[in-house]
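**Student:** The structure that follows is given in the form of structure tokens.
Numbering (this note's numbering), first residue to last: 8 to 984.
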């Protein structure tokens, strides 16, 4: 009797047929496009034809999407981890670790020692679906991606934290001219790093490692990337796609199924119709026709021609996934436009657009031109456009043409959501999506593709859905599971399509804008962006708001249209945009180098054009562009870094103490350095953070959800150990110093207790003494007593009470002087800015945001844009305890509130706040809302920037430039690019 194992995965269906001896007689692999029941029936019917003599079979189902079917039909089910273990033990005895990547699942099985399994939970990043999406973004097949990666020259840092939003890290690289070879290799590196850091939970991956699943089977370069990251040679065995189904076949119980009866049961199987639903978008076709009359759509590609010497203004919007370009006449009417997928490289598309434009208008005069979007800079440099304008201003400029009284604009693009609140004819507030693009166009496109439809057909199917599925507003991996459950419960494609469109709207309103009152959005609302060309999304938006909105006929072109209008309003005597003859000679060459201009060692992408012009991308400062003479405004971040440089590594008469240069050490270094050197110890600092340091320590990180500053501490620890430092000091500090600005003065739990995590991450058998005593530096009166006790319990030097007291007094004094220098410099820079009428940005965060590996040069970008930079700890001494609506009990948080309070009360209108927030910081879910509330009480704009290990600052720069532009507009100045 044959045994059949079915692996119903998140995106694929695999089957294996075994004989009584466990030999594989048949195997099959195909995508199911979420049509699970029908595909299972087809596959089993095929097996029935191949084995006609088998009247009875043994069957077992496994896989992440197979449990419901197995339960409903009373078929044995084996959890996929156990199925994998069963197969590995049978086929590859002696295996220590299994790494398996599926369509949306990733797991690591530790088989030797204590068995453990680690699986992805909240994110589909780093899986086959992620690789599939990235290949689509690059405009290549997955096989081509693998082949291109083999020829790479450099690897960029790319997040695979989200199967959708990682595109925002890749797209700027492509727009800056990064090669597809390098980006392909970087995608594989991101997958490997996500799997190792996110799933290993600090456990060492070593011994005999086996690679399973589709991505690791099909992509040799991905296997090589894992090998390099783990410093070993893994094995991808024969039948690697089928281990789960093979194990399921082995685990099929001694229960026989009559084959034909089983097939009849599958054919008759129908799910329940029990799922949460929303109201229909349209009850009747007549209702839809009335809707389309109010919201007419026009082709986003307009082609007119003229032999006359007309004057034209050109706008180009190089967006995250599409390129939009428009030419307008002197009356502001669009006469020529294009809307294209950017295919990973906008430069040839823009060249093609201009060639078509000049052919259609051979005698036209180009009056002006402007670029906007992610690719603004490279397109401006390549084609000598007259202006670069930030996206927010471009979209607002276009919106005013449709409704001069507009008070709210929402633009939903491929992977970003931009919302602008307008008051008194100026942008008053800006909302942008942060870490997730589940409410964006690429989110819908991904689902349409997974279900086997084009996005247009998918949208049309949702128009007349009778019971749209209520999917809420969730990230891709959770939405996938919700969609699968809805299908199991009988939801049709029509109801799923409508439900997904409704979820896009809910995400925008409640996750990005975070409205509490629908009336706060206003009555003059303009919606734009390619996603709103989808009638189901627009209808869902109006239903959720409860009133009609304006969708411009050129909704998808608004960025380009606004850029063209902006250029026309600000035209110079003559445009510098490349003409027809210059385009004929146009060339574009891309090279990659590592900058040696400073310690950042940025990986630069140098774009060279036919006329000798260059555009350099990937730089965190202006040095590669302007040389050592790059002009910068004063910065508290630079001042604070210089202060810390005065506490270097030194030798002493006693042991050398290793100090980890991360987290609160960025503030307490003067204290600990002085204390230990006064007592005769040497000091060895771990030094500056870096990407290599992070990767060296990532396999000891027990949780992927902890913030990046904490993750870096594992690299600092390994670096000190590798240097031979055998005594490392990093204490647990529940409390910080009391600055009288809060109800209490706690450290956050990560800062306070991460030493415990680091101690548990030390290599087995390590001789390193990791000293992490619980101390109270906030109690100067008895700190010396407790610290002397710790010293004499730990070392054999017999420190006296007198020498410890003296060292402690010096430490407190050095720390006091350190803070005083910061506050004095803050006062000086603030006064300088006010006297000279200069913009000031208070970059608020934590002390460790001073780390260049954490802030990624955001401080430098701010000063390069012409603003003085202050920090939250340089101003708080001017304010009393801030009045907050939350319990204010954390020292670092209290500084944020005090800084916001100072900005409100200082009386200087050219000062604004930018808050840095680390991904994974749960406490900042509170501080961000509170800081926003404090600022908005006084009509100030709140800007938040989320940061992690990814260094590409494309979206960050757009956000900061939007702040600068909106702030200047509110002060009555002309808009700025």
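A virtual CB, placed ideally from N, CA and C, is assigned to each residue, including glycine.
#1: Excluding the 5 residues preceding and the 5 following residue 636 in the sequence, name in chain order all residues of the same chain whose CB lies nearer than 6 angstroms to its CB.
#2: Whole-angstrom Cβ separation of residue 379 and residue 423, contact assumed at under 8 angstroms?
#3: Using 10 angstroms around the beta-carbon of residue 937, count the other beta-carbons present and answer buried if the total reaches 16, otherwise exposed.
#4: I'd like the list of long-range same chain contacts for residue 915, defined as Cβ closer than 6 angstroms, with 5 residues on each side in sequence excluded.
#5: What are the start and end residues of the beta strand (DSSP E) that includes residue 950?
#6: DSSP state of residue 347, grouped into three classes?
#7: For residue 966, I'd like the list of residues in its chain whose CB is within less than 8 angstroms of its CB, leaving aside the five on either flank, ordered along the chain.
#8: Given a cut-off of 8 angstroms, decide if residue 707 and residue 768 are closer than it, judged by their beta-carbon atoms.
#9: In whole angstroms, what is the alpha-carbon distance linking residue 531 and residue 563?
#10: Quick check: what's the CA-CA separation for residue 790 versus residue 736?
#11: Where does residue 634 land, buried or exposed, given buried means 16+ other C-beta within 10 angstroms?
#12: Is it buried or exposed for residue 892, if we count other Cβ within 10 angstroms and need 16 for buried?
#13: Since residue 691 and residue 656 are thought to touch, with beta carbons under 8 angstroms apart, how far apart are those beta carbons, to the nearest angstrom?
#14: Distance check for residue 861 and residue 492, CA to CA, integer angstroms please.
#15: My output table needs one value for residue 535: the three-state DSSP class, helix, strand or coil.
#16: If we ignore side chains and look at the alpha-carbon of each, how far apart do residue 899 and residue 760 end up?
#17: Mapping the DSSP letters down to three states, classify residue 324 as helix, strand or coil.
#18: Just to confirm before moving on: does the CB-CB distance between residue 888 and residue 911 stay below 8 angstroms?
#19: According to DSSP, is residue 106 part of a helix, a strand, or is it coil?
#20: Taking the alpha helix (DSSP H) that residue 415 falls in, what are its first and last residues?
#21: Hey, how far is the Cα of residue 322 from the Cα of residue 200?
#22: Measuring CA to CA, which of 785, 344, 363 is closest to residue 752?
#23: What residue range does the alpha helix (DSSP H) around residue 744 cover?
#24: Flag this pair as touching only if the segment 589-600 and the segment 397-417 have three or more C-beta atom pairs under 8 angstroms; answer yes or no.
#25: Three-state secondary structure (DSSP) at residue 3?
#26: Across which residues does DSSP place residue 114 in a beta bridge pair?
#27: Taking the alpha carbon of residue 36 as the point to measure from, which residue in 246, 620, 316 has its own alpha carbon closest?
#28: Rounded to whole angstroms, what is the Cα-Cα separation between residue 509 and residue 478?
#29: Note down, in chain order, each residue of its chain lying with its Cβ closer than 6 angstroms to the Cβ of residue 69, except the 5 sequence neighbours on either side.
#30: Once DSSP output is grouped into helix, strand and coil, what is the label at residue 919?
#31: Considering just the uninterrupted stretch of the beta strand (DSSP E) at residue 147, what are its terminal residues?
#32: What's the C-alpha gap between residue 139 and residue 262?
#33: Looking at residue 528 and residue 559, is the spacing between their C-beta atoms short of 8 angstroms?
#34: State the DSSP-derived secondary structure class of residue 692, mapped to helix, strand or coil.
#35: Excluding the 5 residues flanking residue 766 on each side, which residues of the same chain have their C-beta closer than 8 angstroms to its C-beta?
#36: Going by the beta-carbon positions, is the gap between residue 187 and residue 147 smaller than 8 angstroms?
**Tutor:** Per the coordinate set shown:
#1: Bear in mind that a pLDDT of 49 at residue 636, under 50, signals an unreliable position, so the model cannot answer this.
#2: About 13 angstroms; that fails the 8 angstroms criterion.
#3: Burial call: buried.
#4: Taking C-beta separations shorter than 6 angstroms and ignoring five residues to either side along the sequence, the partners of residue 915 in its chain run 841, following chain order.
#5: Taken as a continuous stretch (DSSP letters only), the beta strand (DSSP E) holding residue 950 covers 949-954.
#6: DSSP places residue 347 within a strand segment (E or B) once states are collapsed to three.
#7: Counting only residues of its own chain and dropping the five nearest sequence neighbours on each side, residue 966 has a CB closer than 8 angstroms to the CB of 437, 439, 950, 952.
#8: By the CB criterion at 8 angstroms, residue 768 and residue 707 fall inside the cutoff.
#9: Rounded to whole angstroms, residue 531 and residue 563 show a C-alpha spacing of 19 angstroms.
#10: Distance between the alpha carbons of residue 790 and residue 736 is about 17 angstroms.
#11: Its pLDDT being 49, under 50, residue 634 is placed unreliably by the model, and the measurement read from it follows with that caveat. That one is exposed.
#12: It counts as exposed.
#13: The beta-carbon distance between residue 691 and residue 656, rounded to whole angstroms, is 5 angstroms. This is short enough to meet the 8 angstroms contact definition.
#14: The straight-line gap from Cα to Cα measures roughly 39 angstroms.
#15: Per DSSP, reduced to three states, the secondary structure at residue 535 is strand.
#16: Going from the Cα of residue 899 to the Cα of residue 760 covers about 16 angstroms.
#17: Correct three-state label for residue 324: strand.
#18: Judged by beta-carbon spacing, residue 911 lies beyond the 8 angstroms limit of residue 888, meaning their Cβ atoms are not closer than that value.
#19: Here residue 106 carries a strand assignment [DSSP, helix/strand/coil].
#20: It is not in any alpha helix (DSSP H) - residue 415 instead sits in the beta strand (DSSP E) that spans 415-419.
#21: For residue 322 and residue 200, the distance between alpha carbons rounds to 39 angstroms.
#22: Residue 752 has its Cα closest to that of 785, out of 785, 344, 363.
#23: It is not in any alpha helix (DSSP H) - residue 744 carries neither H nor E in the DSSP assignment.
#24: Taking a contact to require three or more Cβ pairs closer than 8 angstroms, the segment 589-600 and the segment 397-417 do not qualify as touching.
#25: Coverage of the chain is limited to positions 8 through 984, which leaves residue 3 absent and any answer about it impossible.
#26: Looking at the DSSP output, residue 114 shares a beta bridge with 107, 126.
#27: Nearest option by C-alpha distance: 246.
#28: Rounded to whole angstroms, the gap between the alpha carbons of residue 509 and residue 478 is 8 angstroms.
#29: Here the set comprises 14, 85, 87, 90, 251, 255.
#30: For residue 919, the three-state secondary structure derived from DSSP is strand.
#31: Boundaries for residue 147: no beta strand (DSSP E) harbours it, and the DSSP string shows neither H nor E there.
#32: Each residue's alpha carbon lies about 39 angstroms from the other.
#33: Remark: C-beta atoms of residue 559 and residue 528 do not approach each other more closely than 8 angstroms.
#34: Strand at residue 692.
#35: The residues are 777, 779.
#36: Yes. Within cutoff.
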